[in-house]
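Undergrad:
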Amino acid sequence: MAWMDTHAHLADKSLANQLDDVLARAKQAGVSQVICVAVDAKTCAEAIAIAESKEGVWASVGIHPNYAHQAAADDWNKIVEMTNHPRVCALGETGLDRHWDDCPFEVQQSNFASHWQLSCETKLPLIIHMRDCEPEMLEALSQQAGKGLLRGVMHSFSGTTETAKQCLEFGLFISFAGMLTYKKSEELRKTARTIPLDRLLVETDCPYLTPEPNRSRRPNEPSFVVHTAKCLAETVGVSAKELADITMENAKRLFWRIP
Ligand SMILES: [Zn+2]
Numbered sequence: 055m056a057w058m059d060t061h062a063h064l065a066d067k068s069l070a071n072q073l074d075d076v077l078a079r080a081k082q083a084g085v086s087q088v089i090c091v092a093v094d095a096k097t098c099a100e101a102i103a104i105a106e107s108k109e110g111v112w113a114s115v116g117i118h119p120n121y122a123h124q125a126a127a128d129d130w131n132k133i134v135e136m137t138n139h140p141r142v143c144a145l146g147e148t149g150l151d152r153h154w155d156d157c158p159f160e161v162q163q164s165n166f167a168s169h170w171q172l173s174c175e176t177k178l179p180l181i182i183h184m185r186d187c188e189p190e191m192l193e194a195l196s197q198q199a200g201k202g203l204l205r206g207v208m209h210s211f212s213g214t215t216e217t218a219k220q221c222l223e224f225g226l227f228i229s230f231a232g233m234l235t236y237k238k239s240e241e242l243r244k245t246a247r248t249i250p251l252d253r254l255l256v257e258t259d260c261p262y263l264t265p266e267p268n269r270s271r272r273p274n275e276p277s278f279v280v281h282t283a284k285c286l287a288e289t290v291g292v293s294a295k296e297l298a299d300i301t302m303e304n305a306k307r308l309f310w311r312i313p
């Protein structure tokens, strides 16, 4: 049985400090592939360096909505350049966030639009962050959908069933993280049951959102994706083995640079 953790911030100090141990534990748990996700130009370079040196690790390059206002003038050109790297499998994470108001919303919107433009040019999928802004996100997605096929995943999904349905109609995948395992997340598990199996992905979003039964443990790490995956398998009524095969196949279909 082999899993892919489709969203891990391995460049975060809490994980980078013990990366060999973290990746050894992942391997032991059956997590054969990990996508190392960046949030700004600095972590893009770090993610690529990790992907180059560690087996089974891939990089995503892009600018997180909460960091878009801090980007230097030439950061975007650097990121465009990085998309040619063979270990880069996705763009992001990017998206929209109304929870924190560090970055003006219009800056987030234009940052998000730049990633879509780059996705059209490179055919690389977007890893999409959405927090406290479901209507604004759906509006942005429908604008982009008018310009061509949307390739991407709504990562660490915690929205409503209706929002998930619309994201699916846009052609997007839905990825679940540790929140799915929390006792209070019954609504989210109900939503998960409405997602077609061929659109499901799993992730940790580590070092955050540690799944049950390890919820109090910090940092979260890729090996813990198996807890979220087991919860998802039970929720949707398939075996863990079936879900591993399905989500691995889905991930490779979306993140096509991963063989
Ligand atoms: Zn993330």
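If you're matching positions, the sequence shown starts at 55 in our numbering and goes up one per residue.
Even for Gly, the Cβ is constructed at its ideal location relative to N, Cα and C.
1. Considering only DSSP beta bridges, list what Cys260 is partnered with.
2. List the endpoints of the continuous alpha helix (DSSP H) containing Arg79.
3. Consider the C-beta atom of Glu37 and the heavy atoms of ligand 1; say whether any pair is separated by less than 7 angstroms.
4. Spatial neighbours of Asn274 within its chain, please: C-beta separation below 7 angstroms, excluding the five flanking residues on both sides.
5. Near ligand 1, which residues have their beta-carbon less than 6 angstroms from any of its heavy atoms, given in chain order?
6. Classify Gly202: buried if its beta carbon has 16 or more other beta carbons within 10 angstroms, exposed otherwise.
7. In the DSSP assignment, find the beta strand (DSSP E) that holds Met208 and state where it starts and stops.
8. Just checking my contact of His62 with Ile89 at CB under 8 angstroms: how many whole Å lie between their CB atoms?
9. Out of curiosity, what's the CA-to-CA distance linking Asp186 and Leu222?
10. In chain order, what are the residue ranges of uninterrupted beta strand (DSSP E) at least 3 long that sit wholly in the region 89-132?
11. Taking C-alpha atoms, which residue in Gly213, Gly116, Ala199, Cys143 lies nearest to Lys244?
12. To which residues of the same chain is Gln198 closer than 7 angstroms at the C-beta, ignoring the five residues directly before and after it?
13. Check whether the Cβ atoms of Arg314 and Ala113 lie closer than 8 angstroms to each other.
14. What are the start and end residues of each continuous alpha helix (DSSP H) run of 4 or more residues lying completely inside the region 153-214, in chain order?
15. Would Leu178 and Ala125 be called neighbours here (beta carbons separated by less than 8 angstroms)?
16. Tell me where the alpha helix (DSSP H) around Asp299 begins and ends.
17. Short of 7 angstroms in beta carbon distance, which residues of its chain neighbour Arg271, apart from the five on each side in sequence? Order them along the chain.
18. On the DSSP letters alone, give me the boundaries of the beta strand (DSSP E) that Leu148 sits inside.
19. Expressed to the nearest angstrom, what Euclidean distance is found between the alpha-carbon atoms of Ile312 and Val161?
20. In angstroms, rounded to a whole number, what distance separates the CA positions of Ile228 and Ile182?
21. Within the same chain, show all residues whose beta-carbon is closer than 7 angstroms to that of Glu106, passing over the 5 residues directly before and after it, in chain order.
TA: Concretely, from the data shown:
1. Ala62
2. 73-82
3. With the chain running from 55 to 313 in the structure shown, residue 37 is simply not present.
4. Gly232, Thr258, Cys260, Pro261, Tyr262, Leu263, Thr264
5. His61, His63, Val91, Glu147, Asp259
6. exposed
7. 206-208
8. This sequence places Ala at residue 62; His is not what is there. About 7 angstroms separates the two Cβ atoms, so the contact holds.
9. 19 angstroms
10. 111-115
11. Gly213
12. Trp170, Leu204
13. Because residue 314 is not part of the residues shown, which for the chain are 55 to 313, the question remains open.
14. 159-176, 188-199
15. no
16. 294-308
17. Thr264
18. According to the sequence shown, residue 148 is Thr rather than Leu. Thr148 -> beta strand (DSSP E) spans 142-151.
19. 31 angstroms
20. 10 angstroms
21. Arg141
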